[in-house]
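Engineer: Below is one structure. I have some questions about it.
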């Protein structure tokens, strides 16, 4: 299974390439977000497995949260070194 890896300070996210491309296409058609074009080109043209999303692709965090919200992917907590299915995660609001 081709996969996408996205890392933050607190977690490492793993997604299927097909699911990621599907969500990126949705962002391209619905929201016209420029960074989605850049990310789509990067993912589509990257050889190998896994594909690591570079740190400067800041908007990918929104794509990652969207994928998790749709029940896609895995998340590895850096603090606990435990991996969770997206279905095991529960959303909660922070801030205002």
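In this note's numbering, the protein residues as written are 474 to 569.
By construction, the Cβ of each residue, glycine as well, lies at the ideal position given by its N, Cα and C atoms.
Rounding to the nearest angstrom, what Cα-Cα distance links residue 480 and residue 564 in this structure?
Structural biologist: Distance between the alpha carbons of residue 480 and residue 564: 19 Å.
Engineer: Looking only at its own chain, which residues have a Cβ that is under 7 Å from the Cβ of residue 501, when we skip the five neighbours before and after it?
Structural biologist: 509, 510 and 513, listed in sequence order.
Engineer: Kindly give me the distance between the Cβ atoms of residue 555 and residue 492, rounded to whole angstroms, as I take these residues to be in contact under 8 Å.
Structural biologist: That pair is no contact at about 22 Å.
Engineer: On a CA-only basis, which of 560, 547 and 567 is nearest residue 484? Give me that one, please.
Structural biologist: With distances taken between Cα atoms, residue 484 lies closest to 547.
Engineer: What does a CB cutoff of less than 8 Å around residue 538 pick up in its chain, not counting 5 residues either side in sequence?
Structural biologist: Cβ neighbours of residue 538 beyond the five flanking positions: none.
Engineer: Where residue 530 and residue 517 are concerned, what is the direct C-alpha to C-alpha distance, given to the nearest angstrom?
Structural biologist: For residue 530 and residue 517, the distance between alpha carbons rounds to 15 Å.
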